[in-house]
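Data first, discussion second: the structure below is written as structure tokens.
In the working numbering, the protein residues as written are 5 to 524.
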């Protein structure tokens, strides 16, 4: 395939993704016969939802980054900490953990009858801002740790040599060497976590606890599910898309963090911390281990609350196979589309067309900030008169799951492909290599990143609930939806068992992914 053909194919793929979003909004506008209800912008209800959405996302991002910093420094200064490789794998697992698994564990740990609830006093309440912040920090702190650790690993040995020669104090090393290395990343990292938390749905729906803790995404769901007030849902959706999209565009201009990269640097001159600092780093490390493991361990007692001998194993087999099938197909389609979409982006970067590249990158990742519930409901309304969605709804589950993980595939593949272009593309052109020869050279260069990317989006696709809630049916239940059904009917033992199974599958994928990554 020639470069021109590859660019055209990428633009077609990009158009299809945009068409999917456009049809969703068209479906809602066409059904209601009117556009958004802009009068809602003057309503106090709207103001409270918007302020809470910003407040919880800002606090979640701030706390995640602040707590991740000392953990990353502990890992950096004490590279011989026991089980450090396992800890970094746990960080990946926590970031991509299906939300319902985490919520089940947090309820078992900190809910009304939770294992640790008696220690928190009578005024403790998991539901509301408390639970939302805990869940968001749990999901995003491990991601922040890996990003910051990667940046610290990029500090050159020469900097530490000079610091030793100049006899810098720990505070001077922090201010002169460490902070400048991570300064640009902090804003980008915080902004990305803000977008993820701003668009959070399942966490706020399950742990919000009422109208006082409602975000735009949940308000959209309520407007569509309970009131079927489409103009209100559209207003909320456009507001969310404008805020989150603008911020994400700004973040994209700051660069990308390749947080799954393997550390290949040798660190021979890293300063040795004092004995007191070493004890402090070890304490932080052990405490983080405990905090990340507790919600998972809290699932175990739930297994003993009822007689599981009467539980049908086949009740888990079909949902498990369905979840895996959806995830594998979605991941394959997403990674194929990502490679196609990246072709015109790479071409724009090679030609130094920065503005065109930024626009293409924003369009390619817009589903990261577009409300998933609105896209699902809009397409449902549009397709309902023309198709038997009870029969063909699962097709849309596959399609939308793939579309919503494409941004993550692009974010992971993009840095490595641009690096290949910078190092080998001009050489390949001067040697007049064919497209196939280009690919045979490019594949070994991106193989490890490709496999890592596939594992990441596989994990993200396996935990979907929002899309299945609209297009799914009882004949093809997924494992996350089964957990939601069990928890909703207070079948704690079954919910814990299904959660443990889903968590085990995710852990197995992470383990295989880490083996491939380290081998590469």
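Quick reminder that beta carbons are idealized off the backbone N, C-alpha and C, glycines included.
Within 8 Å, strictly: CB atoms of residue i and residue j
{"i": "residue 136", "j": "residue 163", "result": "no"}
{"i": "residue 413", "j": "residue 342", "result": "yes"}
{"i": "residue 18", "j": "residue 236", "result": "no"}
{"i": "residue 9", "j": "residue 344", "result": "no"}
{"i": "residue 488", "j": "residue 104", "result": "yes"}
{"i": "residue 69", "j": "residue 190", "result": "yes"}
{"i": "residue 75", "j": "residue 288", "result": "yes"}
{"i": "residue 349", "j": "residue 457", "result": "no"}
{"i": "residue 511", "j": "residue 499", "result": "no"}
{"i": "residue 248", "j": "residue 193", "result": "no"}
{"i": "residue 145", "j": "residue 130", "result": "no"}
{"i": "residue 185", "j": "residue 159", "result": "yes"}
{"i": "residue 233", "j": "residue 227", "result": "yes"}
{"i": "residue 219", "j": "residue 56", "result": "yes"}
{"i": "residue 366", "j": "residue 253", "result": "yes"}
{"i": "residue 520", "j": "residue 474", "result": "no"}
Cβ distance (whole Å) where residue i is taken to contact residue j below 8 Å
{"i": "residue 198", "j": "residue 61", "result": "5 Å"}
{"i": "residue 472", "j": "residue 401", "result": "6 Å"}
{"i": "residue 417", "j": "residue 346", "result": "6 Å"}
{"i": "residue 32", "j": "residue 385", "result": "6 Å"}
{"i": "residue 409", "j": "residue 461", "result": "4 Å"}
{"i": "residue 373", "j": "residue 245", "result": "6 Å"}
{"i": "residue 141", "j": "residue 67", "result": "5 Å"}
{"i": "residue 82", "j": "residue 285", "result": "5 Å"}
{"i": "residue 464", "j": "residue 100", "result": "6 Å"}
{"i": "residue 323", "j": "residue 486", "result": "5 Å"}
{"i": "residue 201", "j": "residue 64", "result": "4 Å"}
{"i": "residue 139", "j": "residue 106", "result": "6 Å"}
{"i": "residue 217", "j": "residue 132", "result": "5 Å"}
{"i": "residue 532", "j": "residue 153", "result": "Not covered by the structure: residue 532. The range shown for the chain is 5 to 524."}
{"i": "residue 480", "j": "residue 326", "result": "5 Å"}
Rounded straight-line distance, which links the Cα of residue j to that of residue i
{"i": "residue 72", "j": "residue 302", "result": "23 Å"}
{"i": "residue 268", "j": "residue 98", "result": "Since pLDDT at residue 268 reaches only 45, below the 50 mark, its modelled position is unreliable, and no value is offered."}
{"i": "residue 109", "j": "residue 300", "result": "6 Å"}
{"i": "residue 476", "j": "residue 380", "result": "11 Å"}
{"i": "residue 230", "j": "residue 239", "result": "16 Å"}
{"i": "residue 274", "j": "residue 502", "result": "45 Å"}
{"i": "residue 16", "j": "residue 383", "result": "20 Å"}
{"i": "residue 243", "j": "residue 102", "result": "27 Å"}
{"i": "residue 195", "j": "residue 407", "result": "22 Å"}
{"i": "residue 516", "j": "residue 509", "result": "11 Å"}
{"i": "residue 167", "j": "residue 177", "result": "7 Å"}
{"i": "residue 128", "j": "residue 121", "result": "7 Å"}
{"i": "residue 442", "j": "residue 405", "result": "31 Å"}
{"i": "residue 395", "j": "residue 11", "result": "36 Å"}
{"i": "residue 444", "j": "residue 354", "result": "20 Å"}
{"i": "residue 497", "j": "residue 466", "result": "22 Å"}
{"i": "residue 305", "j": "residue 483", "result": "20 Å"}
{"i": "residue 171", "j": "residue 85", "result": "26 Å"}
{"i": "residue 378", "j": "residue 387", "result": "14 Å"}
{"i": "residue 329", "j": "residue 21", "result": "22 Å"}
{"i": "residue 207", "j": "residue 433", "result": "50 Å"}
{"i": "residue 518", "j": "residue 276", "result": "28 Å"}
{"i": "residue 419", "j": "residue 453", "result": "10 Å"}
{"i": "residue 53", "j": "residue 175", "result": "42 Å"}
{"i": "residue 266", "j": "residue 161", "result": "Reliability fails at residue 266, whose pLDDT of 48 lies under 50, so the model's placement of it is uncertain and no value is given."}
{"i": "residue 495", "j": "residue 205", "result": "23 Å"}
{"i": "residue 427", "j": "residue 352", "result": "16 Å"}
{"i": "residue 59", "j": "residue 49", "result": "15 Å"}
{"i": "residue 421", "j": "residue 438", "result": "18 Å"}
{"i": "residue 215", "j": "residue 116", "result": "20 Å"}
{"i": "residue 359", "j": "residue 41", "result": "33 Å"}
{"i": "residue 397", "j": "residue 403", "result": "10 Å"}
{"i": "residue 26", "j": "residue 282", "result": "55 Å"}
CB contact check: residue i to chain C, cutoff 8 Å
{"i": "residue 344", "result": "No chain C is part of this structure, which consists of one protein chain only."}
Heavy atom of the ligand MG within 7 Å of residue i beta-carbon
{"i": "residue 352", "result": "With respect to the ligand MG, the structure shown offers nothing to examine, as it has no ligands at all."}
*asked:* Please give the ranges of any alpha helix (DSSP H) in the stretch 438-504, keeping only runs that are unbroken, at least 4 residues long and fully inside the region.
replied: 439-466, 470-475, 483-492
*asked:* So within the stretch 123-175, which uninterrupted alpha helix (DSSP H) runs reach at least 4 residues, ignoring any that extend past its ends?
replied: 133-157, 161-169
*Output the residue ranges of the beta strand (DSSP E) runs that lie fully inside the stretch 338-406 and measure 3 residues or longer, sorted by chain position.*
none
_Complete runs of the alpha helix (DSSP H) confined to the stretch 74-120 [at least 4 residues]_ = Listed in chain order, they are 88-100, 103-114.
*Any alpha helix (DSSP H) of 4 or more consecutive residues that is wholly inside the stretch 188-226*: 206-211
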